[in-house]
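Reading through the structure tokens given below for one structure.
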Amino acid sequence: PVAEAKPAAQGRTDKFADHEGVWVYIDHMDGEIVGVSLELLGAGRRLADKMNAPLAGFMLGHNVESLAKTCFEYGADIVYMIDDPLLTDYRSETYMKGTVDLCNKYKPEMILYGATPNGKDLSSAVATELATGLTADCTMLDVNAEQRLLEASRPAFGGNIMATILCKNHRPQMATVRSKVMKALERQVGRTGQIIHETLGMHEKDLQTRVLEIVRETSQRVKLDEAHIIVAGGKGLGDAKGFQLCYDLAEVINASVGATRDAVEAGWIDHHYQIGQTGVTVTPKIYFAIAISGAVQHIVGMQNSEFIIAINKDPNAAIHNVATYSIVGDAFEVVPKLIEAFKKA
Ligand code: FAD
90 PVAEAKPAAQ GRTDKFADHE GVWVYIDHMD GEIVGVSLEL LGAGRRLADK MNAPLAGFML
150 GHNVESLAKT CFEYGADIVY MIDDPLLTDY RSETYMKGTV DLCNKYKPEM ILYGATPNGK
210 DLSSAVATEL ATGLTADCTM LDVNAEQRLL EASRPAFGGN IMATILCKNH RPQMATVRSK
270 VMKALERQVG RTGQIIHETL GMHEKDLQTR VLEIVRETSQ RVKLDEAHII VAGGKGLGDA
330 KGFQLCYDLA EVINASVGAT RDAVEAGWID HHYQIGQTGV TVTPKIYFAI AISGAVQHIV
390 GMQNSEFIIA INKDPNAAIH NVATYSIVGD AFEVVPKLIE AFKKA
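Written out as structure tokens, the structure is:
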């Protein structure tokens, strides 16, 4: 099936009537689209449908045309593409120039970027250049279709409230979104759309930056945001020795280990493993929360897990409010029993 590009908005009289469509920045690495971009195509499709507007992906890179097919299969109607050897590696100045040129020519209403290192860098550079707003690190997106306003929500004031931020007077409206908080659409194999090619119009000699070397991370750690089972430990485990309980349980059920900020700050585990507002957002099938109080800054990073099993000796701990199963008890008694039971199973 061929995706039907939505007709341009007709009869619009608002002051931004020349801006049309929802765009998603298609971030890619090693020849593959990064997961959050596909998730954002899903989110973007929902917003675009509410406004009866087209959904586009825009992609910069070199030899990346084959990735357009994936964009269509995940919901895009159009892919804007700039393919140029200068775009082989991410550079702020080339990617910003390409994106700004596309925006000036095609005038999108909204642009969504994954909150990846490149997405964060690019979106802030583009926002500055286009003198428009950017809501960073969003966890919820909606649209007021009548006013054509993006409702971008993110935790604010230390995570105590969710703030919905509107960009009323500038276009495009832009947001970065964390990975794993939106859902990609089911892949529609064979769905196609329209590719629009543009050129970069820059020369290496005009550029101020050069990529000398790319040093890949060598650590073997399982990416927490991809783990199916997570055992997370909190400050209630007392010390590094107590935290070892998480590794013991994780080993028998083949899980990854995560932690609260307090456990990280105590030095029991590296900060890469912090879950929550200032750490990673996770959505595993099973999330064990061991001796974790359930502060809102932690909850926002794990509340979309499918099953949450909380083990806390305080029956009033907030973590029980989001738990699928609550075990009120001492972790040092409960967890060894669980380990025994799992070993027998
Ligand atoms: P505590 O709140 O001290 O809770 C320990 C829990 O363990 C208690 O509920 C207690 O009843 C229980 N307990 C004690 N002993 C036992 C036992 N033997 N068996 C069972 N239960 C036991 N936090 C994050 O996690 N991630 C973030 O990204 C994050 N970002 C933040 C950003 C900002 C701007 C701020 C201000 C805070 C942030 N925090 C974050 C910190 C957050 O507010 C909490 O302080 C933190 O999550 C609490 O960690 P905890 O649950 O390990 O510790």
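Residue numbers (the UniProt record's numbering): 90 to 434.
We treat Cβ as the ideally placed atom computed from N, Cα and C, and that holds for glycine.
Each of G247, G323, K324, G325, T349, R350, D351, G365, Q366, T367, G368, A380, I381, S382, A384, Q386, H387, N401, K402, D403, A406, D419, A420 has a C-beta closer than 5 Å to some heavy atom of ligand 1; these make up the full list, in chain order. Distances from the alpha-carbon of A352 to those of M271, D337, A378 put A378 closest. If you draw a straight line from the Cα of S181 to the Cα of W357, it is about 36 Å long.
DSSP places C227 in the uninterrupted beta strand (DSSP E) bounded by 223-227. In this structure, A344 keeps its C-beta atom at 7 Å or more from the C-beta atom of I364. With 16 or more other Cβ atoms from the protein chains shown falling within 10 Å of its own Cβ, D314 counts as buried. According to DSSP, F161 shares a beta bridge with no other residue. Here D116 has V123, S126, G203, T205, N207, G208 as same chain residues with Cβ atoms under 6 Å from its own Cβ, once five neighbours each way along the sequence are excluded.
Ranked by Cα distance from D103, the first of N258, K186, A380, F147 is N258. Taking the CA atoms as reference points, P404 sits about 19 Å from F396. Sorting Y195, L144, A165 by C-alpha distance to the C-alpha of D107 places Y195 at the top.
The beta carbons of A412 and I428 sit about 20 Å from each other, so the pair does not count as a contact at 8 Å.
Q333: member of the alpha helix (DSSP H) spanning 329-342, first to last residue. A residue is called buried when at least 16 other Cβ atoms come within 10 angstroms of its Cβ; A348 meets this threshold and is buried. When M140, A142, R280, V424 are compared, the shortest CA-CA separation from E340 is found for V424. Excluding residues up to 5 positions away in sequence, L144, G164, L274 lie with their Cβ nearer than 7 Å to the Cβ of R134 in the same chain.
Spanning the alpha carbons of D419 and S213 requires a straight line of approximately 46 Å. Judged by their CB atoms, M148 and M118 are not nearer to each other than the 7 Å cut-off. Cα atoms of R237 and I381: separation of roughly 41 Å, rounded to the nearest angstrom.
In the DSSP assignment, H286 falls within the unbroken beta strand (DSSP E) covering 283-287. Pairwise C-beta distances place the segment 221-230 in contact with the segment 261-270, as three or more of them are shorter than 8 Å. Here D166 is actually not in contact with G150; their C-beta atoms are around 20 Å apart, not less than 8 Å.
Between the alpha carbons of L156 and C192 lies a distance of about 21 Å. With a cutoff of 7 Å on beta-carbon distance, F105 and R299 are scored as not near each other. Under the rule that a run must span 4 or more residues, the alpha helix (DSSP H) segments found entirely inside the segment 158-214 read 181-195.
E121 is not a Cβ neighbour of R276, given a cutoff of 7 Å.
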